[in-house]
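First the structure, in the form of structure tokens, and then the observations on it.
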Amino acid sequence: GEHKDEPNNVAYITPHKRTKVYPLIRWAQARNWSESIEPYYNVSEIEEWPESAAHVMGEAFWLRVKGDSMTSLIGVSVSENTLILVDTGREVKDGNLVIAKLTDADEATFKKYIIDAGKNYLKPLNPSYPLIPINGNCQIIGVVIEAKMRLI
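Per the UniProt record's numbering, the sequence shown starts with residue 1, numbered consecutively.
What follows is the structure, encoded as structure tokens:
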């Protein structure tokens, strides 16, 4: 071989990240995420385990977006049926897209987390939907770090 003069500690690495699979769960399961000490899903119930190479810092799962509250004509837009990867190990920062649990709701919700003049809000990207002021009535379950659009 033509590499025989090179030291044998040279590694020829391929520039690809290691992908992992995460469960695609239901919105009601996501809402109960933080309350479950046991795994929040039964592995046998999970029909899909989409993969991702994203840098995940905690437990993570996929959700399928419902409705058009996060669809926007300008800037970031996440349309219905898009798969979103939720990382429960990340610290929430202003401007992050998050999965949140409002105390009076049956399911988790997907919104943009906004801090404005010391107050916190959940903001739909679709301007037709109202801004939701939050205080003690909301718990952030995780930060959305990736979206996959399936066209078929």
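Using N, Cα and C, we set each Cβ at its ideal position, and we do this for glycine too. These numbers were taken from a predicted model, which means no experiment stands behind them.
With 16 other Cβ atoms within 10 Å as the buried cut-off, status of residue i
{"i": "residue 93", "result": "exposed"}
{"i": "residue 103", "result": "exposed"}
{"i": "residue 49", "result": "exposed"}
{"i": "residue 130", "result": "exposed"}
{"i": "residue 44", "result": "exposed"}
{"i": "residue 78", "result": "buried"}
{"i": "residue 152", "result": "exposed"}
Nonlocal neighbours in the same chain, by C-beta distance under 8 Å from residue i, ignoring five residues either side
{"i": "residue 31", "result": "101, 105, 106, 107, 108 and 141"}
{"i": "residue 75", "result": "125"}
{"i": "residue 95", "result": "112, 113 and 114"}
{"i": "residue 86", "result": "30, 60, 61, 62, 63, 99, 141, 142, 143, 144 and 145"}
{"i": "residue 27", "result": "63, 66, 107 and 108"}
Sheet register partners of residue i (DSSP bridge)
{"i": "residue 119", "result": "116"}
{"i": "residue 133", "result": "121"}
{"i": "residue 109", "result": "100"}
{"i": "residue 142", "result": "99"}
{"i": "residue 85", "result": "62 and 146"}
Cβ neighbours of residue i in the same chain (closer than 6 Å, five flanking residues each side left out)
{"i": "residue 149", "result": "82"}
{"i": "residue 97", "result": "112 and 144"}
{"i": "residue 89", "result": "57 and 58"}
{"i": "residue 138", "result": "100 and 102"}
Chain-order list of residues whose beta-carbon lies under 7 Å from that of residue i (same chain, five-residue window excluded)
{"i": "residue 119", "result": "133"}
{"i": "residue 80", "result": "65, 66, 67 and 68"}
{"i": "residue 72", "result": "125 and 126"}
Which ranges does the alpha helix (DSSP H) cover as unbroken runs of at least 4 residues, wholly within the segment 16-76, from first to last along the chain? 27-31
Check whether the segment 65-72 touches the segment 120-130, counting contact only when three or more Cβ pairs, one atom from each stretch, lie closer than 8 Å. yes
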